[in-house]
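In this note's numbering, the protein residues as written are 1488 to 1753.
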């Protein structure tokens, strides 16, 4: 399972990871669950929404972030596939997160003059974030940092289902980042407009359709890929104030690991 924040991650990377995991074991299937949440619309009907960042949500903190991963990501995905044994069929869980400048020093966060701005503006040249509500963004960053610390230091997730309440399963869990987000790393656009995200991601995936190992090479040789092979060190590198708004990623650490497991040398 590869947990992601939205459909653009799924569009860009599903084919790539499906191919790479199949080289490790042809029986492995890759699922890309996106954060799901139910709400009641104006007509009183229940709607399910798929999108969003679990690490920055109000009400989610370092004491409940792990069970919320199960509730909002993993269990809904497992229930879609009743042919699978729960949860023994899960091999491992990979989580992809956008950093959104979360480790930037508070004095680099500014209040914008445009009070109609819908989203913060991430300036990776002057290393600042411009927000409609500076205090709210600082609060979000504090909450998100605490959640990320809990996730980064969690090596295994205990996955249980109601039908399997007496049988605990622990699965390998790792978190990898795009900073500020996927668009920033892949195309150098820190503030890509939402209506371009999926189409840009699909175009990126299509460019490697016949050469999935070419995409592996793209991440391994990316000029902003983590210079550290060690998982925890790759995170510490990003947490520096001057690094967090740069188009950084540690996905190369995951790609290198998967290639090694598949016995592939590029």
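Built from N, CA and C at the ideal position, the CB exists for glycine as well.
Residue i vs residue j beta-carbon contact at 9 angstroms
i: residue 1583; j: residue 1492; result: yes
i: residue 1552; j: residue 1577; result: no
i: residue 1674; j: residue 1691; result: yes
i: residue 1494; j: residue 1563; result: no
i: residue 1557; j: residue 1641; result: no
i: residue 1585; j: residue 1668; result: yes
i: residue 1773; j: residue 1678; result: The question about residue 1773 has no answer, for the chain in this structure spans 1488 to 1753.
i: residue 1710; j: residue 1724; result: no
Reference residue i; option with closest CA among the options
i: residue 1619; options: 1598, 1499, 1497 and 1660; result: 1598
i: residue 1666; options: 1611, 1718, 1511 and 1744; result: 1611
i: residue 1728; options: 1585, 1505, 1562 and 1614; result: 1614
i: residue 1712; options: 1685, 1691, 1686 and 1741; result: 1741
i: residue 1626; options: 1730, 1739 and 1591; result: 1591
i: residue 1670; options: 1628, 1522 and 1736; result: 1736
i: residue 1628; options: 1691, 1701, 1607 and 1644; result: 1607
i: residue 1587; options: 1676, 1702, 1683 and 1720; result: 1676
i: residue 1522; options: 1506, 1514 and 1540; result: 1540
i: residue 1507; options: 1571, 1701 and 1605; result: 1701
i: residue 1500; options: 1747, 1687, 1600 and 1749; result: 1687
i: residue 1593; options: 1572, 1749, 1624 and 1568; result: 1624
i: residue 1518; options: 1567, 1512, 1542 and 1543; result: 1567
i: residue 1707; options: 1752, 1724, 1680 and 1726; result: 1752
i: residue 1604; options: 1572, 1559, 1704 and 1680; result: 1680
i: residue 1661; options: 1747, 1514 and 1722; result: 1722
i: residue 1514; options: 1571, 1543, 1689 and 1542; result: 1571
i: residue 1496; options: 1569, 1601 and 1689; result: 1689
i: residue 1716; options: 1601, 1744 and 1749; result: 1744
Nearest-angstrom beta carbon gap, residue j and residue i [assumed within contact, 8 angstroms]
i: residue 1595; j: residue 1616; result: 7 angstroms
i: residue 1658; j: residue 1580; result: 5 angstroms
i: residue 1565; j: residue 1663; result: Actually they are not in contact, since the Cβ atoms of residue 1565 and residue 1663 sit about 22 angstroms apart, beyond 8 angstroms.
i: residue 1489; j: residue 1503; result: Actually they do not touch by this definition, with Cβ atoms about 10 angstroms apart.
i: residue 1554; j: residue 1656; result: About 15 angstroms; that fails the 8 angstroms criterion.
i: residue 1589; j: residue 1731; result: 7 angstroms
i: residue 1549; j: residue 1498; result: Their Cβ separation, rounded to whole angstroms, is 31 angstroms, which puts residue 1549 and residue 1498 out of contact at 8 angstroms.
i: residue 1685; j: residue 1734; result: The Cβ separation is near 19 angstroms, so there is no contact.
i: residue 1703; j: residue 1746; result: 6 angstroms
Distance cut-off 8 angstroms: residue i Cβ against heavy atoms of the ligand GTP
i: residue 1539; result: This structure does not include the ligand GTP; it has no bound ligands of any sort.
Within 8 angstroms, do at least three Cβ pairs link the region 1679-1699 to the region 1632-1647? no
For the region 1583-1669, list the beta strand (DSSP E) runs that are entirely contained and at least 3 residues long, ordered along the chain. 1596-1598, 1608-1610, 1615-1618, 1643-1646 and 1656-1665
In chain order, which alpha helix (DSSP H) runs of at least 4 residues are fully inside the region 1541-1591? 1552-1556 and 1562-1566
Runs of alpha helix (DSSP H) wholly within the region 1664-1722 (minimum 4 residues, chain order): 1669-1674, 1681-1694 and 1699-1707
Going along the chain, which unbroken runs of the alpha helix (DSSP H) with 4 or more residues stay wholly within the region 1489-1522? 1494-1511
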